[in-house]
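Working notes, beginning with the structure itself.
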Amino acid sequence: MSSSMLFNVTMIAYMVSTCIFFAFLASRSKGVGLAGTYAALFGFVVQTAAIGLRWKESYDQGHGHAPLSNLFESVVFFSWTIILIFLFIDFKYRYRAIGFFVVPFALFGMAWAQLSLDSNIEPLVPALQSNWLVYHVITCFLGYAAFAVACGISIMYLIREQIEQEGGNAQAGGLLSMFPSIKVLDDLNYKAIMIGFPLLTLGIVTGAAWANYAWGTYWSWDPKETWSLIVWFVYAAFLHARITRGWVGRRAAILSVIGFAATIFCYLGVNLLLSGLHSYGK
Amino acid sequence: MTTNKRGFAQQLWDFFCSLRLTIFLLIGLALTSIIGTVIQQGPQREYLATLSETKIRLYSALGFFDMYHSWWFILLLYLLTLNLICCSIKRLPRVWKIVSEPVLVMDDTFERSLSSVRDLKLRGSKGELKEKMVSFLKAEFAEPVITEREGEYHLFAQKNPWCRLGVYVVHLSIIIIFIGALIGSFFGYKAYVNIPEGGGVSQVQGRGGKTIDLGYEVRCEKFSVAFYDTGAPKEFKSILSIVENGKPVAGLQKVPVIVNEPLTYKGITFYQSSYGQSDEGVKYHLTVRDRKGGAPVKLDARQGERVALPGGAFLSVMEATQNVTPFMKGFDGPGAQVEFTPAGGNPQPFVILSEKYESFNAQHGGDLVITFDGMDQKFFTGLQVAKDPGVLVVWLGCFLMVIGTCMAFFMSHKRVWARVSDKGVTMGGSASKNPTGFEIVFDELVEKINKA
Ligand code: HEM
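In order, the protein sequences belong to chains B and L. Our numbering numbers the first residue of the first sequence as -17 and each following residue consecutively. Our numbering numbers the first residue of the second sequence as -2 and each following residue consecutively.
Given below as structure tokens:
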């Protein structure tokens, strides 16, 4: 058994989970919703094993390191963290419909990694040979994942609000009826960002600590650093917007979607389009 | 006139206290920060050549080439700080009052402002009920404060009052980080230095070209670079020693410094950053053997030097490496790009490798088989040098920021009041965060005491 096979199983589990969640929206049966969550949980367990196995495989090759060192590994880890945060929110608040808007992010990540990224296990270049890599990557990606969940919830919010405004009570009997209410969605959006914001803060701090330890500057306005700060500013604006009148609901949802777009740009756009110190993705 | 003036001051104060300004500044910083990630900072000549004249003039006028230090970006940061301070000054006293002078008595007006209020199903005398409530709250929630007023007992208990200060801890931490950054920019420096193997320096070049005295000497005993089988670099290592007043400093001799493991002495830290070949001349070692037999001849050559070979041919080594793997997949060991000129012939360029690849080497060289045995190469190591006395202050700020966000988000100030009279007990409660979550906690409390 290889980690690659297990990653395929993971991908299929997330695909099945997405389909079940869709069936849940259509059928409105509680049991179906629970099945969707269990499919995601199964995928998560397999993925955890696969990541562990890949870690071991790197030791078998003689240069063991945590599987967080190239684009393939980071995309896989990102989708793992998305499901982790999703399951946390799912088990805590039990609004199953969210799965249909969040699990696809993880599915997309796994599909992209498995189908088109280079999955070779490479030894670490000198710049990455540090424990800070592990702390930094884990905190950043947990933060990103919470923002992904918040983005999925915000999209639900925007859809539901749109349909309600069109007086879509007829439709409310359909797919929409499994959506949490507007108020709950707004609150969940805030809760997800409340999880993500301290993690992103910790991610930026560990990144700065590592940069200071390895290069002697905790902050050098490298594009990746700058973009993480941009993301941080956007979510800080989101948090303060909530305290101000008139900024809850629709505007908050839009800000959350923008925040996640900035997050994705920080993660991928910077590597693929700009240049800098962070070497993921070439 | 005076009222007008006060009006203006008041307006200014309100402006700096406003959260709209905060949102505007945060979004403004986010948007403007993008510029510096798209336009190269401290631009290189090649980059400038791709821009039109007008663009260059415009960008320099706006400070886009060093955007994060431009006056308007710094101004935005100062405005943010000012906004932060004003807002905190305005709101902190109110919050402090909630923490330090809690409302001990739930009267009718206050009761109406609470979201969770319940009459308990307890019967008994006032004194008994009071004792019961006190021991119950103490066991299940927190130790209550008892106030007696107008023949009624008022109990007040709270959890995590200080987590209300979390927000202010976060805001303070931002100011502390700014202070740390300012200390670093006034009293610290970043510099760079190249040291050849066997050499030493006691001065470094700061950014902006200033020469800085270290106060001691840093020597590079040796530099080495190692590669993986794939040809990817594995390790860059400098062996450094510190010499002060002509004497070696104990404990800081022959210290290996690699990427991610710097060396610090007297507040100055040296980071492995780059390397290169020292100009001091490399010596290449070659072996030449006649195909028809005879003893092999060992030769030394310098870069580009024309060396006479047996039989009237000449050879120059153009460049060489200790490890060819990055350039030739499937080969390892040293290799050299040479130019071979047979007696009376034209120069022929080709590559020679170590004696392990004899048949490869035998493909060229006419009557001779030339083998590359390696080289004595001198490297220089490139070190990043940094001194930053503000860095501890920055870490203190970061620490407070993480603690503060956790306090602000994951903890809730929960309060419970109970009014005990002969008619029975009324309990009320509120929380600073997560009202739905608190309602559940409150209902559980009510249920428990009703059953008890
Ligand atoms: C101009 C700068 C800022 C001002 C004037 C400001 C002001 C405020 C105010 C008035 C509150 C509400 C406090 C309360 O509920 O009593 C608040 C909350 C908060 N601020 Fe700021 N702030 C600023 C910048 C920042 C920044 C840069 C951060 C980044 C971490 C931040 C993090 C927070 C957090 C985490 C909260 C708590 C939000 C919540 O409970 O939902 N603030 N801020």
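The beta-carbon is built from N, C-alpha and C at its ideal position, and this holds for glycine as well.
Spanning the alpha carbons of L23/L and V92/L requires a straight line of approximately 24 Å. It is roughly 23 Å from the alpha-carbon of A405/L to the alpha-carbon of W414/L. The alpha-carbon of K263/L is positioned some 11 Å away from that of P386/L. Per DSSP, the unbroken beta strand (DSSP E) holding M315/L starts and ends at 311 to 318. Residue T183/B holds the alpha-carbon nearest to the alpha-carbon of L397/L among G18/B, W192/B, T183/B. DSSP places E352/L in the helix class (H, G or I) of the three-state scheme. Per DSSP, the continuous beta strand (DSSP E) segment holding M424/L begins and ends at 421 to 428. Shown here for F54/B: same chain residues with a beta carbon closer than 7 Å to its own, the five before and five after excluded, namely A95, L99, D100, S101 in chain order. Within the segment 52 to 83 of chain L, contact with chain B at the beta-carbon level (separation under 7 Å) is assigned to Y65. Residue burial is scored here from C-beta neighbours: T63/B has at least 16 other C-beta atoms within 10 angstroms and is therefore classed as buried. Around the beta carbon of H66/L, fewer than 16 other beta carbons sit within 10 angstroms, so the residue counts as exposed. Counting along the chain, V215/L sits inside the beta strand (DSSP E) bounded by residues 208 to 224. Within chain B, the residues placing a beta-carbon under 8 Å from that of Y268/L are A196, W197, G198, ordered along the chain. Put simply, of L81/L, I437/L, I36/L the residue whose alpha carbon is nearest the alpha carbon of H222/B is L81/L. Taking the CA atoms as reference points, C84/L sits about 30 Å from V166/B. With the rule of 3 Cβ pairs closer than 8 Å, the segment 3 to 10 of chain B counts as touching the segment 82 to 92 of chain B. In terms of beta-carbon proximity, V399/L lines the interface with chain B, with at least one pair separated by less than 8 Å. The Cβ-Cβ distance between R288/L and D364/L falls below 8 Å. Chain L places a beta carbon closer than 8 Å to that of Q111/B, counting this residue as a contact.
Within chain L, the residues whose beta carbon sits less than 8 Å from that of F215/B are L23, I24, L26, A27, S30, listed in sequence order. Judged by their CB atoms, S112/B and W201/B are not nearer to each other than the 8 Å cut-off. Nearest Cα to G308/L within the set T322/L, N320/L, F337/L, F324/L: F337/L. With a contact defined as Cβ atoms closer than 8 Å, T34/L and T208/B qualify at about 5 Å. For Y262/L, not one C-beta of chain B is nearer than 8 Å to its own C-beta. Excluding five sequence positions before and after K280/L, the CB atoms of its chain that fall closer than 7 Å to its own CB belong to D297, R299, M372, D373, given in chain order. Rounded to the nearest angstrom, the Cβ distance from A22/B to S(-15)/B is 20 Å, too far for a contact under 8 Å. Using a Cβ-Cβ cut-off of 8 Å, Y225/L counts as an interface residue toward chain B, since at least one Cβ of chain B sits closer than that to its own. In the three-state reduction of the DSSP assignment, I36/L falls in the coil class, being assigned neither a helical nor a strand state. Within chain B, G198, T199 have C-beta atoms less than 7 Å from the C-beta of K187/L, given in sequence order. Per DSSP, reduced to three states, the secondary structure at T378/L is strand. Only those residues of the segment 373 to 395 of chain L whose C-beta falls short of 9 Å from the nearest C-beta of chain B are listed: Q381, V382, A383, K384, D385, V388, V391, W392, C395. Residue pairing from DSSP places S238/L in a beta bridge opposite R216/L. In this chain, the beta strand (DSSP E) harbouring L152/L covers 149 to 156. Between F24/B and A(-5)/B, the beta carbon gap of about 5 Å places them in contact (Cβ cut-off 8 Å). Here V215/L is near F267/L, since their CB atoms are less than 8 Å apart.
Between the segment 112 to 120 of chain L and the segment 424 to 432 of chain L, the count of C-beta pairs closer than 8 Å reaches three or more; the two stretches touch.
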